[in-house]
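In our numbering, the protein residues as written are 850 to 1140. The block underneath contains the structure these notes are about, expressed in structure tokens.
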């Protein structure tokens, strides 16, 4: 973590230099159209410019890193939970977009000055955007519950291994499981779905599924990703959609009732999953398969 503090000494020195500038010099540097003169002022101006460029570069790096970590977190959630409600960080992705928009907006204000004030482009707009960002982060951050509050997240290397077949193989190359073991565990998982119907439990997690089949969670995760080429989220929700399809044809239950019966905790998550695995909405499927 210490590397994050590397710029601080430079910024501290620059802040001290700016603080010690005479009022007239400070005014000339930031608020006057006159060209700055004097060696010391030139050094301070150059240092300030370098600090701004450094801030822009570091901000881009941190933003990209945050986006990558958010994507990785969402993958981890799908390895452990069948329901993502309250665990996704969609609001954080929206803030990333708002931050980038604020940068572009501030750059335009810096270039055009007061020439586009009539169109609402001004320094006041930058302040409003920055205030909005701070408010959104604070409000959503306080409401967001820890994603793995009840369950332990999978190992990072396991999460990253989902991306390619080569990485999957590398991740599990030291595993004690053989191909025969993977097939046996896969059969247990399928039996838990078809006979015990564990997928209909709305609180089902990787840990609870592993208890049902009496297999350690890491082996279940390995079987899903390596042996069945899927993840926990898709495995369970695919089974739920299969059950929902049957209910849509055989019963007169409403779509919402079917969603709740098959383990989904909201209408929106049911529609999203149904569209993903069936390629159409529940209503369309029922209409196209009426007997």
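Cβ coordinates follow ideal geometry from the N, Cα and C atoms, glycine included.
Nearest to residue 978 by alpha-carbon distance, out of 949, 996, 988 and 992, is 949.
DSSP places residue 936 in no alpha helix (DSSP H); its state is neither H nor E. Residue 1077: not part of any alpha helix (DSSP H); DSSP gives it neither H nor E.
Counting along the chain, residue 1135 sits inside the alpha helix (DSSP H) bounded by residues 1131-1137.
Under DSSP, residue 922 shares a beta bridge with no residue.
Per DSSP, residue 1043 is one residue of the alpha helix (DSSP H) stretching across 1028-1043. Straight-line spacing of the CA atoms in residue 940 and residue 1116 works out to 20 Å. A Cβ-Cβ distance of about 7 Å is found for the pair residue 897 and residue 863, placing them in contact under the 8 Å criterion. For residue 1080, the number of other beta carbons within 10 angstroms of its own is at least 16, and it is reported as buried.
Distance between residue 1132 and residue 958, taken at the CA atoms: about 49 Å. Residue 852 sits exposed, since fewer than 16 C-beta atoms from the chains shown fall within 10 Å of its C-beta. Excluding residues up to 5 positions away in sequence, nothing lies with its Cβ nearer than 7 Å to the Cβ of residue 976 in the same chain. Nearest C-alpha to residue 1086 among 1119, 1097, 1104 and 1130: 1119. Positions of the alpha helix (DSSP H) runs, each at least 4 residues long and wholly inside the region 1096-1128, are given as 1104-1110 and 1116-1127 in order along the chain. With contacts defined as CB atoms closer than 9 Å, residue 938 and residue 922 qualify as a contacting pair. Under the Cβ criterion (8 Å, minimum of three pairs), the region 1032-1048 counts as touching the region 1060-1077. Between residue 893 and the set 854, 1051, 861 and 996, the nearest pair of CA atoms involves 861.
DSSP places residue 975 in the uninterrupted alpha helix (DSSP H) bounded by 972-992. Residues of the same chain with a CB within less than 7 Å of the CB of residue 982, apart from the 5 flanking positions on each side, are 944, 947, 948 and 951 in chain order. Just so you know, the alpha carbons of residue 1051 and residue 973 end up roughly 48 Å apart. Partner residues in a beta bridge of residue 854, as assigned by DSSP, do not exist. In terms of CA proximity to residue 903, 855 leads the group 935, 855 and 873.
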